[in-house]
Amino acid sequence: MEKARLMRRLRLKNFKCFEDQTIPIAPLSVFCGKNGTGKSSAIQGLLLHHAAKECLMRGVRQLPLNAVPGLALGTLNDIVSKPTRRVTNRRADKIVIEFGSGRRNDVTVLETLDIPEDANYIYISSGPKGKTKRDPWQFVFLSAERIGPRASQER
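Numbering (our numbering), first residue to last: 64 to 218.
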């Protein structure tokens, strides 16, 4: 039986606000910061990677962007890195999501070529190796959302 591994880093390339960023991960990680800095995008990258692995295990290469629980990513235009587009004036041809322990890394490559900007899917060109029934990376996350602004607090 394969033992669960600890994730040590997450790399996101051409995904949402990340042009190419490696984020260190500890056994317990809390993402906090100002609005629009990529906290939710980092978690969405992990969820997208996991969804790609599930698709590949079923033999499916087209990954829906809005049908996976916890993900509502919109269209292809919404998930391709904006910094890359500003520099090159064109859309990146792939998104890379990689995480691992240093010794072993799982990499998912998602293709954006020949897909319309308003598409709600992306193609998986390559994904994590191995077709084990149990994912060696145990990923659990908690999410807390505030619904709407608070005008005032009762005392």
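We put the beta carbon where it would ideally sit given N, CA and C, even for glycine.
I need the DSSP call for residue i, collapsed to helix, strand or coil.
i      : result
ASP141 : helix
GLY163 : strand
LYS97  : coil
LYS116 : helix
SER248 : Only positions 64 to 218 of the chain appear in the structure, and residue 248 is not among them; the question remains open.
LEU110 : helix
LYS79  : coil
THR195 : Interpretation of THR195 is limited by its pLDDT of 48, a score under 50 that renders its predicted location unreliable; no figure is taken from the coordinates.
Rank the options by C-alpha distance to the C-alpha of residue i and give the top, closest one.
i      : options                        : result
LYS76  : ARG154, ILE158, GLY96          : ILE158
VAL143 : GLY96, PRO87, ASN183, PHE94    : ASN183
LEU176 : ARG153, GLY190, GLY163, ARG167 : ARG153
LEU134 : ASN168, ALA155, LEU109, LEU119 : LEU109
LEU91  : LYS116, ARG71, GLY190, PRO179  : ARG71
ASP181 : SER164, VAL170, ASP141         : ASP141
Taking the straight line between their C-alpha atoms, what separation do you get for residue i and residue j?
i      : j      : result
LYS194 : GLU82  : Unreliable positioning characterises LYS194 in this predicted model, as indicated by a pLDDT of 49, which lies under 50. The coordinate reading is nonetheless provided below. Going by the C-alpha atoms only, they are around 30 Å apart.
VAL172 : PHE162 : 12 Å
GLY190 : ARG121 : 13 Å
LYS145 : GLU174 : 16 Å
ARG124 : ARG167 : 23 Å
LEU111 : ALA155 : 17 Å
ASN98  : GLU117 : 30 Å
GLN107 : SER164 : 19 Å
Would you call the CB atoms of residue i and residue j closer than 9 Å?
i      : j      : result
VAL131 : ALA114 : yes
ILE187 : LEU126 : yes
LEU73  : THR85  : yes
LEU128 : ILE185 : yes
LEU119 : PRO179 : no
CYS80  : GLY101 : yes
ILE160 : PHE78  : yes
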